[in-house]
DNA sequence: TTCATTCATCGCAAAAGTACGATAAAGGTG
DNA sequence: CACCTTTATCGTACTTTTGCGATGAATGAA
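Here it is as structure tokens:
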């Protein structure tokens, strides 16, 4: 891959693809589901709910943070992660709009 | 990555993640958009609409095929790709359901 | 202070993804 | 038939992702 060509696409396509990438690992889907089931969450509880090491889970959390899907507040030796409700709502709408666009036409 | 741990997650999470992965590159988003704007499409027309080489576009089409998002009928030296409307509809619903699940609860 | 707990980050290794040119396959055209 | 067009696939190179152990940073407990 002599250079990622992602920048050659339009911003909308890049943004949607980036969001999809954040969701493209089962661990991250599982994390989001877990967070949705608790009002407050610390990393440790998530680690014990996943078949992955603590450092790996931490990395997945970081990816979700970068994408804006979750929020994290550092509180001494423990961090509290939770869903970013407004962003998730917006992302849901973006995907919905995308799929609606695709469904408008048929072919073959 | 001493071994992909994806199989350690439940099938639903794996499936959603796999679909997200298929959408996780701007070229593939662009291809789906392009296909939605034409009733019949051959690879060549898509290649000229993207800033990528023919072989790379062909690979992206393969990814979309594997995910079931598009259909391809080989017709001699030219192939006709088109959206798989029913699958796209179902995938749209799956994402919608997922985001709705996430929005049900709030935290922090 | 010393130790234990909790989590992030670093460093490394392996796997997967992305991209391209070259080539093959398959059919149409002259 | 020889040639051209179109698309898939192969081989290769480079990048990114994924995963883990080790380490570091920060706080609380003894």
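Residue numbers (the numbering used here), protein chains in the order written: chain A, 56 to 163; chain B, 56 to 163. Note that CB positions come from ideal geometry on N, CA and C, so glycine has one too.
Host beta strand (DSSP E) of residue i (start-end)
i, result
"residue 159(B)", "It is not in any beta strand (DSSP E) - residue 159(B) carries neither H nor E in the DSSP assignment."
Per DSSP, the bridge partner or partners of residue i
i, result
"residue 126(A)", "137(A)"
"residue 97(B)", "135(B)"
Own chain, CB closer than 7 Å to residue i, minus 5 neighbours either side, in chain order
i, result
"residue 182(B)", "No answer is possible for residue 182(B): it lies beyond the span of chain B, which begins at 56 and ends at 163."
"residue 69(B)", "61"
Opening and closing residue of the alpha helix (DSSP H) in which residue i lies
i, result
"residue 85(B)", "81 to 91"
"residue 60(B)", "Looking at the DSSP string, residue 60(B) is not in any alpha helix (DSSP H), and its letter there is neither H nor E."
For residue i, the three-state DSSP class (helix, strand or coil)
i, result
"residue 106(B)", "coil"
"residue 119(A)", "helix"
"residue 74(B)", "helix"
Neighbourhood of residue i by C-beta distance below 8 Å, restricted to the same chain and skipping five residues each side
i, result
"residue 153(B)", "71"
"residue 77(B)", "83, 118, 119, 121, 122, 124"
"residue 112(A)", "82, 86, 98, 101, 102, 105"
"residue 146(B)", "74, 124"
"residue 116(B)", "86, 98, 101, 125, 127, 136"
"residue 107(A)", "82, 115"
Other residues of its chain near residue i: CB distance less than 6 Å, five sequence neighbours each side excluded
i, result
"residue 133(B)", "97"
"residue 92(B)", "none"
"residue 141(A)", "none"
beta-carbon residue i near the ligand COA non-hydrogen atom, thresh 7 Å
i, result
"residue 130(A)", "With respect to the ligand COA, the structure shown offers nothing to examine, as it has no ligands at all."
Practice task
Report yes or no: do three or more beta-carbon pairs, one from the stretch 126 to 137 of chain B and one from the stretch 70 to 83 of chain A, lie closer than 8 Å?
Solution key: no
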